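So the structure is just underneath, and the comments pick up after that.
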Amino acid sequence: MSDPMILTDLQIKLMRYFYETPELRISLNKAERKNIWDDFVKNRDIENISHLEKVVPALYFEMEKALTQDQNIQPAVFSECVYAQALAAKFNLSKFEHFLENLKIDLPGSDEDLGKVPKLTVRYSYSSPSGNEVLYQAGGAGAVDCALKTGFDEGFAMIELKEPYARTSEPDLPKYTENGFIVTSPEFEEEYPQFKGMLDEQLRQGLNVFEHIGNNVSNFSTESLEKAVTENYAGKKYAHVICTEDKKGRLVMLPSNHVALWAKLEGEIRPSGRNSYKVWTPNHLRKVLLDLGATYKNDVVTMPISALKTSKARGNSNISRYKIDPFFFVRKKEVTIEGNYARFSVDAIRQLNPSITAKMKFESLDIKEIQKFYSEWI
Numbered sequence: 061m062s063d064p065m066i067l068t069d070l071q072i073k074l075m076r077y078f079y080e081t082p083e084l085r086i087s088l089n090k091a092e093r094k095n096i097w098d099d100f101v102k103n104r105d106i107e108n109i110s111h112l113e114k115v116v117p118a119l120y121f122e123m124e125k126a127l128t129q130d131q132n133i134q135p136a137v138f139s140e141c142v143y144a145q146a147l148a149a150k151f152n153l154s155k156f157e158h159f160l161e162n163l164k165i166d167l168p169g170s171d172e173d174l175g176k177v178p179k180l181t182v183r184y185s186y187s188s189p190s191g192n193e194v195l196y197q198a199g200g201a202g203a204v205d206c207a208l209k210t211g212f213d214e215g216f217a218m219i220e221l222k223e224p225y226a227r228t229s230e231p232d233l234p235k236y237t238e239n240g241f242i243v244t245s246p247e248f249e250e251e252y253p254q255f256k257g258m259l260d261e262q263l264r265q266g267l268n269v270f271e272h273i274g275n276n277v278s279n280f281s282t283e284s285l286e287k288a289v290t291e292n293y294a295g296k297k298y299a300h301v302i303c304t305e306d307k308k309g310r311l312v313m314l315p316s317n318h319v320a321l322w323a324k325l326e327g328e329i330r331p332s333g334r335n336s337y338k339v340w341t342p343n344h345l346r347k348v349l350l351d352l353g354a355t356y357k358n359d360v361v362t363m364p365i366s367a368l369k370t371s372k373a374r375g376n377s378n379i380s381r382y383k384i385d386p387f388f389f390v391r392k393k394e395v396t397i398e399g400n401y402a403r404f405s406v407d408a409i410r411q412l413n414p415s416i417t418a419k420m421k422f423e424s425l426d427i428k429e430i431q432k433f434y435s436e437w438i
């Protein structure tokens with residue numbers, strides 16, 4: 061799929077298979093999904109939504125797992141489960157199976173690009189009564205969402221499930237230096253070649269994360285964004301197609317290399333990304349702490365509690381950490397409050413790593429227009 065306009069035989073077969081079946085609306089629209097998520101975050105209870113075990117069983121079990129394992133759940137998981145259920149219904153895959161212990165499957169087939177894909181970790185499956193067709197719903201960071209085994213091809217069709225406004229992926233950037241400058245690395249360029257163009261554009265402008273406190277970097281060229289999105293699904297997160305919903309809540313399918321034709325593309329470098337690590341700029345940290353009125357004694361930091369901000373984990377209503385500044389934080393369990401002061405070990409401080417991503421914004425998608433556009437192929 062190197063040419064952004066060429067469709068492979070499997071893409072054509074899959075698109076034809078999808079669009080020859082009747083239109084199907086997803087079972088829970090965006091507002092309904094948000095209401096369920098908000099209620100779950102607030103009440104941490106699923107008794108009042110037990111009907112979901114039949115309507116969208118994967119979603120019900122994800123929420124049940126979050127409760128039993130005292131974990132949070134991301135709103136995007138709600139959409140993935142709803143889309144997977146709709147895709148299964150569209151292909152008449154009525155037999156649902158929940159794998160209590162994650163199942164890993166190989167992905168044999170004629171598509172040489174699948175050789176780049178690691179074994180798929182499966183959480184749920186949807187199969188036809190005969191068992192000849194199966195949709196595997198996977199999970200985990202860096203993995204494609206679904207693998208479909210059909211009767212029309214010996215291999216697997218890889219399917220990514222995306223909300224109408226979503227990130228492709230969001231890897232960590234190489235760590236910056238004490239003065240805030242990011243320097244690229246051969247390891248990053250080899251692991252995430254799709255983002256090289258976006259990063260190089262910013263490096264040429266002397267990107268310094270300390271100059272973007274509280275603000276994300278978003279000025280990227282059209283060319284670098286198209287490369288980031290198109291090539292994102294040509295590596296380890298290989299996908300033949302993307303499924304999302306159109307403006308009326310109908311499930312639609314698009315070739316993964318045609319995203320730029322249908323979506324507004326955006327890019328973003330977050331100086332403080334999702335992942336945190338042990339502090340790697342101790343000199344800058346010390347300056348930040350001293351500026352906030354902190355004192356050190358035997359590697360124990362004492363500072364006014366008023367200088368810290370609280371933060372809640374996403375998908376949870378409880379305070380989980382204290383933010384020192386946009387780059388540094390300490391987990392609540394590591395902090396002792398004594399009067400108006402907070403005390404914690406300097407070794408407990410975590411530093412957020414910058415990240416990079418491309419985003420797809422599918423505006424006003426219409427299944428009729430998509431079918432018309434691909435009519436000569438399917």
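Residue numbers (the numbering used here): 61 to 438. Even for Gly, the Cβ is constructed at its ideal location relative to N, Cα and C. Predicted model, so just to flag it, every value in this text is computed and none were measured.
- Scanning 298, 251, 396, 223 for the CA closest to the CA of residue 312 turns up 223.
- For residue 140, the number of other beta carbons within 10 angstroms of its own is at least 16, and it is reported as buried.
- For residue 314, the enclosing beta strand (DSSP E) has its first and last residue at 311–315.
- The straight-line gap separating the alpha-carbon atoms of residue 285 and residue 67 is approximately 21 Å.
- When C-beta atoms of the stretch 317–329 are compared with those of the stretch 413–432, three or more pairs fall below 8 Å, so the two segments count as touching.
- Within its own chain, the residues whose Cβ lies closer than 7 Å to the Cβ of residue 73, once the five positions on either side in sequence are excluded, are 212, 213, listed in chain order.
- For residue 93, the enclosing alpha helix (DSSP H) starts and ends at 90–103.
- Between the alpha carbons of residue 108 and residue 89 lies a gap of roughly 18 Å.
- Annotation for residue 85: 309, 310 place their beta carbon closer than 7 Å to its own, counting only its chain and skipping 5 residues before and after.
- For residue 184, the uninterrupted beta strand (DSSP E) segment begins and ends at 180–187.
- For residue 324, there is no enclosing alpha helix (DSSP H); the residue is part of the beta strand (DSSP E) that begins and ends at 324–330.
- Of the residues 401, 233, 240, 120, the one whose Cα lies closest to the Cα of residue 259 is 233.
- The Cβ-Cβ distance between residue 104 and residue 138 does not fall below 8 Å.
- Only residues of its own chain outside the window of five on either side were considered, and among them 424, 425, 426 have a CB closer than 7 Å to the CB of residue 307, listed in chain order.
- Measuring C-alpha to C-alpha distances from residue 272 to each of 385, 358, 407, 197 identifies 385 as the nearest.
- In the displayed model, residue 80 falls within coil according to three-state DSSP, outside both helix and strand.
- Taking C-beta atoms as the reference points, residue 294 and residue 206 fail to come closer than 8 Å.
- Residue pairing by DSSP places residue 347 in no beta bridge whatsoever.
- Minimum Cα-Cα distance from residue 344 among the listed residues 270, 252, 288 corresponds to 270.
- When secondary structure is reduced to three states using DSSP, residue 306 falls in the coil class, being assigned neither helix nor strand.
- Residue 156 is bridged by DSSP to 186.
- By a beta-carbon distance limit of 8 Å, residue 299 contacts residue 204. Their separation comes to about 5 Å.
- The three-state secondary structure of residue 260, taken from DSSP, is helix.
- Across the structure, residue 438 and residue 71 are spaced so that their CA atoms are roughly 10 Å apart.
- Cβ-Cβ separation between residue 240 and residue 288: approximately 23 Å, too far for a contact (criterion under 8 Å).
- Nearest to residue 350 by alpha-carbon distance, out of 292, 115, 367, is 367.
- Annotation: residue 394 to residue 362 spans about 13 Å, alpha carbon to alpha carbon.
- Annotation for residue 364: the continuous beta strand (DSSP E) segment containing it runs 360–364.
- In the DSSP annotation of this structure, the continuous segment of the beta strand (DSSP E) that includes residue 420 starts and ends at 415–421.
- If you ignore the 5 residues before and after residue 186, its C-beta comes within less than 6 Å of the C-beta of 148, 153, 156, 195, all in its own chain and listed in chain order.
- Bounds of the beta strand (DSSP E) holding residue 380 are 379–383.
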